[in-house]
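Enquirer: Protein chains in written order, with my numbering: chain A, 1 to 227; chain B, 1001 to 1080. Every residue, glycine too, gets a C-beta built ideally from N, C-alpha and C.
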Amino acid sequence: MRAAVITFPGTNRDGDIARALRMAGAEVIHSWHADHDLPAGTDLVVLPGGFAYGDYMRTGAIAARANIMDAVRAHAARGGYALGVCNGFQIACEAGLLPGVLMRNAGLKFVCRMQHLKVGRVDTAFTRHYTAGQVIKVCIAHGEGNYVCDDETVMRLESENRIAFRYCDASGDITRANPNGSRHAIAGIYSENLRVLGMMPHPENLVEALVGGTDGQGLFAGLAAAG
Amino acid sequence: MKARVTVTLKNGVLDPQGKAIEGALKSFGLEGIDSVRQGKVFDIEIATQDRSRAEALLKQACEKLLANMVVENYTVEVLG
Chain A
1 MRAAVITFPG TNRDGDIARA LRMAGAEVIH SWHADHDLPA GTDLVVLPGG FAYGDYMRTG
61 AIAARANIMD AVRAHAARGG YALGVCNGFQ IACEAGLLPG VLMRNAGLKF VCRMQHLKVG
121 RVDTAFTRHY TAGQVIKVCI AHGEGNYVCD DETVMRLESE NRIAFRYCDA SGDITRANPN
181 GSRHAIAGIY SENLRVLGMM PHPENLVEAL VGGTDGQGLF AGLAAAG
Chain B
1001 MKARVTVTLK NGVLDPQGKA IEGALKSFGL EGIDSVRQGK VFDIEIATQD RSRAEALLKQ
1061 ACEKLLANMV VENYTVEVLG
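(1) Determine whether the Cβ of residue 1071 of chain B lies closer than 7 Å to any Cβ atom of chain A.
(2) Hey, is the segment 1011 to 1024 of chain B in contact with the segment 117 to 133 of chain A, meaning 3+ C-beta pairs nearer than 8 Å?
(3) Using a Cβ-Cβ cut-off of 7 Å, state whether residue 106 of chain A counts as contacting chain B.
(4) Mind pulling the beta strand (DSSP E) runs of 3 or more residues that sit fully within the segment 107 to 137 of chain A?
(5) Taking just the CA atoms, how far does residue 1025 of chain B sit from residue 1043 of chain B?
(6) Pop quiz: residue 1005 of chain B and residue 1079 of chain B are said to be a contact at Cβ under 8 Å. What is the actual Cβ separation, rounded to whole angstroms?
(7) Would you call residue 59 of chain A buried or exposed, if buried means 16 or more other Cβ atoms sit within 10 Å of its Cβ?
(8) Going straight from the alpha carbon of residue 202 of chain A to that of residue 22 of chain A, what length do you get?
(9) Does residue 148 of chain A have its Cβ less than 7 Å from a Cβ in chain E?
(10) Is any beta-carbon of chain A found at less than 7 Å from that of residue 1068 of chain B?
(11) Tell me which residue opens and which closes the beta strand (DSSP E) that residue 1077 of chain B is part of.
(12) Taking 7 Å as the CB-CB cut-off, is residue 101 of chain A touching chain B?
(13) Could you work out which residues of chain B lie near residue 181 of chain A, taking near to mean beta carbons separated by less than 9 Å?
(14) Any idea what DSSP makes of residue 1043 of chain B, helix, strand or coil?
(15) May I ask whether a heavy atom of the ligand GTP can be found less than 6 Å away from the beta carbon of residue 1035 of chain B?
(16) Between the beta-carbon of residue 20 of chain A and the beta-carbon of residue 211 of chain A, is there less than 7 Å?
(17) From A:44, A:218, A:214, A:89, pick the residue whose C-alpha is nearest to that of residue 64 of chain A; which is it?
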């Protein structure tokens, strides 16, 4: 598994996610937003968290039009893997890799805390190390994580089983722990071919017992073994 | 030429910022404010003097970047 981690001006989680991937056994190459091409042999593109282009105008909007993104869209169209975390999820939506948009949190506050998630399907490269319905504890840190899309899109995501993670409480109840107002408590979604995952929470923060837990490890282990 | 692009949220899209502003205005005791929706204004200078070309250019700018058509509408006004 060769992963290209893309850095935009204002990205700040590229180092952490690269480390999580390397720990899981993936080869990581850093890419720059102004490049026109991905590194040869890229299996997985990672859009890390941060505040690309200062989040000016709309989160992820300017980053989604950076040079490298044409190559990322072509990679996804070929069936390549892509993972967008937090700001990377916002960029993936703006770039048209995933449907919908991340709006300002319903409570207007930047939310930075630990958060439980309920895992959806476990037959994808991203989640095969989890069990269906498993509750994992990771962290969230965002001001614009409120997932919005039209009714038709949300029904499609549901019927096609493309909701990767939902916000929940420790017991797995998804009705009482929505931190940002997202439709259907959506914390992460897949593309139609299940090769692109966008998610607001940060699994890369939870790969080391020393710093709070290891519930994020499974995602990187699953990816490292793919492709 | 000068132009103004206005980007607003589509009806039905939750606007927590607009709601907060609305709440603040109401808390001042200003009578008669029903609701507030927040949007964006872009003042743009364009090299061409051709009005229809300017409008086409701005439409492209809106659809490429200035508006997210999932949740936003835009209007283009060429001011001359």
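Expert: Let me spell this out:
(1) Sequence index remark: in the second sequence, residue 1071 of chain B carries index 71 (1-based). Chain A contact via Cβ: present.
(2) no
(3) Sequence index remark: in the first sequence, residue 106 of chain A carries index 106 (1-based). True, the Cβ-Cβ gap to chain B drops below 7 Å.
(4) 111 to 119
(5) Residue 1043 of chain B sits at position 43 when you count from the first residue of the second sequence. Residue 1025 of chain B sits at position 25 when you count from the first residue of the second sequence. Approximately 26 Å, taken between the alpha carbons.
(6) Residue numbering aside, residue 1005 of chain B sits at position 5 when the second sequence is read from its first letter. Residue numbering aside, residue 1079 of chain B sits at position 79 when the second sequence is read from its first letter. In fact, because the Cβ distance is near 11 Å, the residues do not count as touching under 8 Å.
(7) Residue mapping note: residue 59 of chain A aligns to position 59 of the first sequence, counting from 1. Residue environment: residue 59 of chain A is assigned as buried (16 or more neighbouring CB atoms within 10 Å of its CB, all protein chains considered).
(8) By 1-based counting over the first sequence, the position of residue 202 of chain A is 202. By 1-based counting over the first sequence, the position of residue 22 of chain A is 22. Cα to Cα, the separation comes out at about 16 Å.
(9) Annotation note: the requested chain E is absent from the structure, which comprises protein chains A and B.
(10) Counting from 1 along the second sequence, the entry for residue 1068 of chain B is found at position 68. Cβ-Cβ to chain A under 7 Å: yes for residue 1068 of chain B.
(11) As a first step, residue 1077 of chain B must be located in the second sequence, where it is residue number 77. Its beta strand (DSSP E) spans residues 1072 to 1078.
(12) If you number the first sequence from 1, residue 101 of chain A lands on position 101. Yes, its Cβ sits closer than 7 Å to a Cβ of chain B.
(13) On the first sequence, residue 181 of chain A is found 181 positions in, with the first residue counted as 1. At a beta-carbon threshold of 9 Å, the residues of chain B lying near residue 181 of chain A are 1014, 1016, ordered along the chain.
(14) Indexing the second sequence from 1 puts residue 1043 of chain B at position 43. Reduced to three states, the DSSP call for residue 1043 of chain B is strand.
(15) Absence of the ligand GTP is noted for the structure shown, with no ligands found whatsoever.
(16) Position 20 of the first sequence, counted from the start, is the residue given in the question as residue 20 of chain A. Position 211 of the first sequence, counted from the start, is the residue given in the question as residue 211 of chain A. Contact: no.
(17) Numbered from its first residue, the first sequence carries residue 64 of chain A at position 64. When each option's Cα is compared against that of residue 64 of chain A, the closest is A:89.
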